[in-house]
Amino acid sequence: MSENDVKVQNERRKVVLSGIQPTGVITLGNYVGAVSNWDKMQDEYDSIFFIADLHALTVRREPAEFRQGCMSFFAQLLACGIDPERAVLYFQSHVPAHTELQWILNCNTYVGEASRMTQFKDKSARHADNINMGLMDYPVLMAADILLFRSDLVPVGIDQKQHLELARDIAIRFNNRYGDTFVVPDGYIPKTGAKVCSLSDPTSKMSKSDPDPNGWVSVIEDEASIMKKFKRAVTDSGSEIVARPDKPGISNLLAIYSVMTGKSVEAAEKEFAGCGYGTFKTAVGEAVVEKFRPIREAYARFAADKAYIAEVAKAGAEKAARIAARTLSKVKRKVGLVSFDR
Ligand code: TYM
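317 is the number that numbering that gives the first Met the number 0 gives to position 318 of the sequence shown; each next residue is one higher, with no gaps.
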């Protein structure tokens, strides 16, 4: 073995980690901003992905529906290409280390920091009747998720950037106070598609909480419905198909087309130069349908096999718990908690 081989062997493979809240369906926004990148990163990194079911409890849920939705979500992630052979995939609530670390991080996070998070402010305004502690503490749980696994890279959409920065701040503060413990993570925010916008209001983020169902599509939606939504997508004045700040509708569709086809936005602009908006919108819809067809088909297979989901989720949680235990015991030692383990 050459000296270089030994060096490569000794180098730790980088860890990629990300999570998603199980709120019904994986939208085109989730897919473009995050899940498609998880899929691409599995070969190159030690990959850890989880269903953030504890995060989802910050909003009131009907228990039976929520439980069923979590199972469906697991099947959707498998269908999107998250491969248990190459990635650790599990339910967050099956690994108690997440919330154990959260408590210790809570004691190293200021209320002022948490209350400055824009998602906290937005959600408090939208759910004025349920501004619970979890809503405010949510970014600290997210920091625990990330820091527990010594994650190097966190693939997310732009809406998670502020939370990620808080995780970095907490890690740096902890390391300064107690000595080197956490890896300070970097975000992996895609250049194209970091914020997919609503099809019916291209100035706002595509979100499944949008009361207008025409604003979003999901990875398991039927083809006719996807086409209908793209055909009626709101566009801008003028007729040019170019990505420009004064053309949010067309820019959004170009970004979607680019990620769905793997072509650059510039190439897409050239491809559709001189075409009408109608032709373009149909082409974007068709690209989405093509991309999602195998996902929808795979979803039907996975969703029907609950025993397989249970097997993968259990094995994933066991693996995750083993990795997490190492960081957690180090953290406990650093803060001075008594331990009788050697
Ligand atoms: P969540 O469940 O809201 O969204 C999952 C992922 O999808 C991205 N995303 C989008 N990207 C582009 N355009 C959009 N319209 C769009 N909508 C959503 C999100 O940025 C996210 O990457 N707090 C997280 C889940 C989480 C997490 C973590 C993520 C919990 N712990 C640790 C990373 C690391 C959330 O609610 O994402």
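Every residue, glycine too, gets a C-beta built ideally from N, C-alpha and C. Every value quoted in this text rests on a predicted model; they were computed, and no experiment measured them.
Cβ-heavy atom distance, residue i to ligand 1, below 7 Å
i, result
"M205", "yes"
"A51", "yes"
"Q75", "no"
"D158", "yes"
"A342", "The question about residue 342 has no answer, for the chain in this structure spans 0 to 341."
"V155", "yes"
"H54", "yes"
"V195", "yes"
"D144", "yes"
"M141", "yes"
"G111", "no"
"G18", "yes"
"G192", "yes"
"G284", "no"
"G248", "no"
"H93", "no"
"G133", "no"
"H162", "yes"
"N29", "yes"
Residue j beta carbon less than 8 Å from that of residue i
i, j, result
"V14", "R149", "yes"
"I225", "G284", "yes"
"L253", "K228", "no"
"G192", "S238", "no"
"F291", "V218", "yes"
"A242", "K280", "no"
"M71", "A272", "The sequence given here places Ser at residue 71; Met does not occur at that position. It is not a contact, given that the beta carbons lie outside the stated cut-off."
"V311", "P95", "no"
"A323", "F90", "no"
"C147", "T260", "Before going on, a small fix: residue 147 reads as Leu here, not Cys. Their beta carbons are not under 8 Å apart, which means L147 does not touch T260 by this criterion."
"V264", "L27", "no"
"A143", "H97", "yes"
"P247", "C196", "yes"
"N251", "P210", "no"
"R66", "D45", "no"
"L165", "P138", "yes"
"G23", "K190", "no"
"R60", "N129", "no"
Contacting residues, own chain, Cβ-Cβ under 8 Å from residue i (five flanking each side not counted)
i, result
"L76", "I19, I25, V34, F48, I50, L88"
"D4", "Its pLDDT being 49, under 50, D4 is placed unreliably in this model, and the value from its coordinates should be taken loosely. The answer is none, since no qualifying residue turns up."
"R176", "N107"
"I342", "Residue 342 is absent from the model: the chain starts at 0 and stops at 341."
"K329", "T180"
"D42", "R85"
For residue i, the first and last residue of its enclosing beta strand (DSSP E)
i, result
"Y187", "185-187"
"L88", "86-90"
"L16", "14-19"
"V153", "152-154"
"F48", "45-50"
Residue span of the alpha helix (DSSP H) that contains residue i, given as start and end
i, result
"F73", "62-78"
"I322", "305-334"
"L253", "247-260"
"V346", "This structure cannot speak to residue 346, because the chain is shown only from 0 to 341."
"A124", "117-125"
"D136", "132-147"
"F229", "222-230"
"G111", "110-114"
"Y30", "Y30 -> no alpha helix (DSSP H), and no H or E assigned at all."
"E270", "264-270"
"M40", "35-40"
7 Å CB neighbourhood of residue i in its chain, flanking five on each side removed
i, result
"S17", "A33, W37, F48, V153, P154, V155"
"L56", "G133"
"E10", "none"
"A74", "Y298, F301, A302, I308"
"V334", "I103, Y177"
"R332", "S338"
"G214", "S197, L198, S199, D200, M205"
"F173", "N107, T180, F181"
Any non-hydrogen atom of ligand 3 closer than 7 Å to residue i Cβ
i, result
"S217", "With respect to ligand 3, the structure offers nothing, as its ligand set consists of ligand 1."
Neighbourhood of residue i by C-beta, 6 Å cutoff - its chain only, sequence neighbours within 5 removed
i, result
"M141", "H162"
"V337", "none"
"L53", "Q91, S92"
"A267", "L253, Y256, S257"
"P21", "I50, D52, A55, G68, C69, F72"
"D340", "none"
"A78", "I294, A297, Y298, F301"
"K318", "V87"
**Study point:** Cβ contact (3+ pairs, closer than 8 Å) linking the region 98-113 and the region 163-178
**Key:** Result yes; three or more Cβ-Cβ pairs closer than 8 Å.
Check your understanding: Is it a yes or a no for the region 255-274 touching the region 299-315, going by three-plus beta-carbon pairs under 8 Å?
Key -> No, because fewer than three Cβ pairs between the region 255-274 and the region 299-315 fall closer than 8 Å, the two stretches do not touch.
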